[in-house]
Structures are given as C-alpha cells and as structure tokens.
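Here the numbering used here is used: the first residue of the sequence shown is 285, the next is one more, and so on. We put the CB at the ideal spot given by N, CA and C, even for glycine.
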Amino acid sequence: MTNPTWVDLLVDAQHAIQEDNLLAAVPLLRSAVDNCLIRQMIIYYRWEGHDLDSAIDEANDLEKGHLNRYTIAKHGLEEVSNTRLTSGPYAQLWDDFDDVVQQRDSIIHCETDPYLEEPEEADVIKLFNTTVAVLVAAYDLFEFSGAIETHNG
Numbered sequence: 285m286t287n288p289t290w291v292d293l294l295v296d297a298q299h300a301i302q303e304d305n306l307l308a309a310v311p312l313l314r315s316a317v318d319n320c321l322i323r324q325m326i327i328y329y330r331w332e333g334h335d336l337d338s339a340i341d342e343a344n345d346l347e348k349g350h351l352n353r354y355t356i357a358k359h360g361l362e363e364v365s366n367t368r369l370t371s372g373p374y375a376q377l378w379d380d381f382d383d384v385v386q387q388r389d390s391i392i393h394c395e396t397d398p399y400l401e402e403p404e405e406a407d408v409i410k411l412f413n414t415t416v417a418v419l420v421a422a423y424d425l426f427e428f429s430g431a432i433e434t435h436n437g
C-alpha cells in the first residue's frame with residue numbers, strides 16, 4: 285500500500301529537517317497541504333457519488349478551474365461543512381500557515397537574490413508543526429459528518 289502524496293511530502297520534509305537541509309523542507313510543506321486539500325475535495329465528491337472524472341470536474345468548478353488550497357479552504361470546505369478554513373474556527377491557524385507560504389515563496393522565487401539565507405532549524409520545525417496542525421484542522425472540517433448516519437440508515 286502506498287501513502288497519499290501529501291504524507292510522502294511530509295515525510296520528505298521531516299527527513300530534510302533531520303538532514304539539516306532546511307531550504308528543501310519548506311516547499312515540501314506547502315505542497316503537502318495543497319495535495320491533501322485537493323485530494324480530500326475529490327474524495328468528498330467521490331463519496332457524493334461522482335466518478336473520478338466528474339469529481340475532478342466538480343472540484344475544478346469551485347472557482348472556475350483555479351483549483352488550489354485557498355479555493356478549497358474557502359469554498360470547498362464551506363460546501364462540505366458550512367465552515368471555511370480561512371475564516372472559521374481555524375482562521376488563526378490558516379493565517380499562521382501563511383508563514384509557510386511566504387517562506388516557501390521566498391525560497392522558490394529567489395531569482396533576484398544572489399544569496400539565499402538558510403532558515404533557522406527552530407523556525408522550520410515551527411512551520412512543520414503549523415503545517416501538520418492545518419492538515420488536522422482540514423480533516424476535522426472534511427469529517428463528512430453525515431456519512432455515518434447516511435450509510436447506517
């Protein structure tokens with residue numbers, strides 16, 4: 285059995301931190317959240333009865349084909365649970381996750397900077413912990429709360 289991609293990305297980020305390759309760890313964290321949210325949205329539509337292609341189309345329709353973590357955190361989770369990750373009970377955590385996004389962007393889009401400063405290990409560990417907390421929050425909202433009642437009669 286293989287892991288979902290987002291799990292492998294987190295494991296790779298953990299290994300990068302352990303190997304003191306901190307610049308490599310941060311982009312993996314944002315990618316893990318992107319992958320997890322998109323995957324869970326498609327799983328939700330599959331649970332709703334769509335085939336894979338239709339589930340992907342439904343997810344893409346959330347915001348005119350611009351499927352990304354923000355679209356799902358805002359519109360997708362509101363559809364699933366009537367709560368947004370961006371402004372609901374996890375809004376502060378979502379705001380904290382912006383540190384991961386900003387750090388990742390400074391690494392990926394550094395073409396104008398001749399020297400890219402290595403982040404501090406404690407900072408990257410904090411970003412890792414924030415990422416895991418966002419994933420847990422998303423799973424809380426992706427609960428499919430009616431699933432047990434619906435499938436058990």
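What three-state label does DSSP hand asparagine 305 in the structure shown?
Taking the sequence shown and counting its residues from 1, one reaches residue 305 at position 21. Residue state, collapsed to three classes: coil.
Residue closest to tryptophan 378, alpha-carbon to alpha-carbon, out of Ser338, Glu363, Thr370
Numbered from its first residue, the sequence shown carries residue 378 at position 94. When only C-alpha atoms are compared, the closest one is Thr370.
Need the endpoints of the alpha helix (DSSP H) that lysine 348 sits in, please.
The count along the sequence shown starts at 1 and reaches residue 348 at position 64. From DSSP, lysine 348 is part of no alpha helix (DSSP H); its letter is neither H nor E.
Beta carbon of glutamine 387, beta carbon of leucine 411: below 8 Å?
Sequence index remark: in the sequence shown, residue 387 carries index 103 (1-based). Sequence index remark: in the sequence shown, residue 411 carries index 127 (1-based). Yes, the Cβ-Cβ distance between glutamine 387 and leucine 411 is below 8 Å.
Under the three-state DSSP convention, the category methionine 325 falls into
Mapped onto the sequence shown, residue 325 falls at position 41. DSSP places methionine 325 in helix when its eight states are reduced to three.
Proximity to glutamate 363 [Cα-Cα], best of His350, Glu342, Asp304
On the sequence shown, residue 363 is found 79 positions in, with the first residue counted as 1. Per the Cα distances, Glu342.
Where does leucine 400 land, buried or exposed, given buried means 16+ other C-beta within 10 angstroms?
Here residue 400 corresponds to residue number 116 of the sequence shown, with the count starting at 1. Under this definition leucine 400 is an exposed residue.
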